[in-house]
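271 is the number that my numbering gives to position 269 of the sequence shown; each next residue is one higher, with no gaps. Let me begin by presenting the structure, written as structure tokens, before commenting on it.
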Amino acid sequence: MNESYREWLEQKKLRLQALDCYSAGVTPEGLAQQLGIDSSKIAKLNFNENLFVDRSRQTLLLKQVADEIDLRMYPEDEVPKLVKKLAEYLRIPQDYIVIGNAGDELLDRIIRLFIEKGDTALSFTPSFIIPQLCVKRQQGEYVTVPLKSDFQLDVPTMLNAFSEKTRLLYICSPNNPTSNQMKPEDIETLVKVFPGIVILDEAYSEFADYTFVPRIREFPNMIILRTFSKAFGLAMLRLGYAIANPELIEILTKKAPLPYPVSGFTIQMGIKMLENIDIMQTAVAALKVERERLIKSLNQIAGVQAFDSKADFVLMSTKLPADFVYTKLLNRGVMLKKWGKLLQYENCFRVTVGLPEFNAKLIESLKQINEE
Ligand SMILES: Cc1ncc(COP(=O)(O)O)c(C=O)c1O
3 MNESYREWLE QKKLRLQALD CYSAGVTPEG LAQQLGIDSS KIAKLNFNEN LFVDRSRQTL
63 LLKQVADEID LRMYPEDEVP KLVKKLAEYL RIPQDYIVIG NAGDELLDRI IRLFIEKGDT
123 ALSFTPSFII PQLCVKRQQG EYVTVPLKSD FQLDVPTMLN AFSEKTRLLY ICSPNNPTSN
183 QMKPEDIETL VKVFPGIVIL DEAYSEFADY TFVPRIREFP NMIILRTFSK AFGLAMLRLG
243 YAIANPELIE ILTKKAPLPY PVSGFTIQMG IKMLENIDIM QTAVAALKVE RERLIKSLNQ
303 IAGVQAFDSK ADFVLMSTKL PADFVYTKLL NRGVMLKKWG KLLQYENCFR VTVGLPEFNA
363 KLIESLKQIN EE
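If you want it as structure tokens, here you go:
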């Protein structure tokens, strides 16, 4: 083997080892195998997937797409068709929209295009981790300011952190994992004076009270991120879109630089879901009812505090240690996302609003753990 190749690869591996990457942990099938139960019995409440979407109607659409598309062709005409449908759904012009392989890929694309070595990105903590991983991969610095105890933005401290090197501001609202929406006036204050790109991550906006989409023209440096993974229940397909002024959209589209990043099958499925928008609307309405029931039931359990939510998940804090609760729940086939201490709250978990039977399993298990 070529010596210089070996040396170069070893150095590369060392540098890549230092990169933090996302690790999902145990999978539902893996857990079901460990417990000797069927995976359909696992209460998978860890990834904010939306099981309220009618699967049989979705499957019907999937079959229609299979009949309609020709897999041998590149998806040339599909992108503009989806953009047109999205423009109608969002009531904004088509040149304000770019599509991508779900929110994660768009985050990665925006950060790859706009952040370079030596740039700084600003955000708050706790929040969604992917932007931080992408900025660090670009050899940028990621600065975070803690949220206030009510999970709202600490605007003066964030304003103080702005500098000529700060080229990205990441605001997740509704925020993962705190599940609240940030006050619009706070977002506005920050965006108006920020000397770079602002990503407003609205992955959960369909479950929330308001969106910045109708106001996008007011903020030339803002990119709003949306996904089909949550409200539309298409997490498996990986489809998302971003909304921004045409100048930024052109960069995100033309400098991507891959010509067809999203599969034609996925795009067609997005179109079908928009043409049958009542599937999403019915699911969101049902989830919101269940969300209130879940919060109420969690708060009735001794030593559990559940917070108000504007997303498809709920933040919960327990008196018992997080590792203990997490393991006990896993052993009962309940999967949550463990966060541990968040701000002043100990032992935090992010709980997806699941179907009633799975939420009931969680509630029952938490009660049993308390009694042991
Ligand atoms: C805040 C937020 N943004 C973006 C995403 C990315 O989702 P996807 O890549 O499925 O669109 C997630 C996923 O959980 C999220 O919580």
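Backbone N, C-alpha and C fix where the C-beta goes; we use that ideal spot for every residue, glycine too. Every value quoted in this text rests on a predicted model; they were computed, and no experiment measured them.
beta-carbon residue i near ligand 1 non-hydrogen atom, thresh 7 Å
i, result
"G105", "yes"
"F116", "no"
"T229", "yes"
"A205", "yes"
"F153", "no"
"G27", "no"
"N178", "yes"
"G335", "no"
"C136", "no"
"C350", "no"
"C23", "no"
"G242", "yes"
"N182", "no"
"N52", "no"
"F130", "yes"
Minimum C-alpha distance to residue i - residue among the options
i, options, result
"A20", "D110, V55, Q60, Q140", "Q140"
"L241", "N247, A233, T213", "A233"
"V327", "S367, L300, L84, L47", "S367"
"P95", "E78, R217, R59", "R217"
"L344", "F360, S319, L338, L357", "S319"
"N177", "L161, P158, N162, D211", "D211"
"E249", "F221, R169, K339", "F221"
"L388", "F315, Q283, N278", "With the chain running from 3 to 374 in the structure shown, residue 388 is simply not present."
"D156", "M184, V67, E166", "M184"
"Y24", "P77, K363, G32, F130", "F130"
"S58", "L322, E374, K363, I281", "I281"
"S151", "E373, E348, N361", "E348"
"S175", "F230, E204, V147", "E204"
"V147", "L92, R219, K119, F126", "F126"
"Q66", "E292, M271, S299", "M271"
First through last residue of the beta strand (DSSP E) which encompasses residue i
i, result
"K194", "Looking at the DSSP string, K194 is not in any beta strand (DSSP E); the run it does join, the alpha helix (DSSP H), is 186-195."
"A308", "306-308"
"I199", "199-203"
"V316", "315-320"
"R228", "224-229"
"G32", "It is not in any beta strand (DSSP E) - G32 instead sits in the alpha helix (DSSP H) that spans 30-37."
"K339", "336-344"
"T168", "168-174"
"E348", "347-354"
"E9", "Premise fails: E9 lies in the alpha helix (DSSP H), 5-19, not in any beta strand (DSSP E)."
Heavy atom of ligand 2 within 7 Å of residue i beta-carbon
i, result
"A237", "The ligand content of the structure shown is limited to ligand 1, which means ligand 2 is not among them."
Element boundaries [alpha helix (DSSP H), containing residue i]
i, result
"N361", "358-373"
"C136", "132-139"
"N162", "157-163"
"T268", "266-277"
"E252", "248-256"
Residue environment, residue i, which counts as buried when at least 16 other CB atoms sit within 10 Å
i, result
"A287", "exposed"
"T180", "buried"
"Q35", "exposed"
"I113", "buried"
"Q346", "exposed"
"L11", "exposed"
"E226", "Inspection of the sequence shows that residue 226 is occupied by Ile rather than by Glu. Its Cβ being crowded by 16 or more others within 10 Å, I226 is buried."
"V200", "buried"
"T213", "buried"
"I245", "buried"
"A26", "exposed"
"Q60", "buried"
Closer than 8 Å to chain D by CB, residue i
i, result
"R57", "No chain D is present in this structure, which holds just one protein chain."
- Kindly confirm or deny that the region 260-272 and the region 326-344 touch, where touching means at least three C-beta pairs closer than 8 Å. The region 260-272 is not in contact with the region 326-344.
- Using 8 Å as the threshold, is the region 240-258 in touch with the region 98-105, meaning 3 or more CB pairs across them? Taking one beta carbon from each stretch, the region 240-258 and the region 98-105 have 3 or more pairs nearer than 8 Å; the two touch.
- Within the chosen definition, does the region 50-62 reach the region 352-363 through at least 3 CB pairs nearer than 8 Å? Flag = yes, the region 50-62 and the region 352-363 touch.
- Message: For the pair the region 359-374 and the region 298-316, tell me if three or more CB-CB distances fall below 8 Å.
- Response: The region 359-374, when compared against the region 298-316, does touch it at the 8 Å Cβ threshold.
- Message: Any contact between the region 332-341 and the region 192-199? By contact I mean 3 or more CB pairs, one from each, below 8 Å.
- Response: Counting Cβ pairs under 8 Å, fewer than three are found: no touch.
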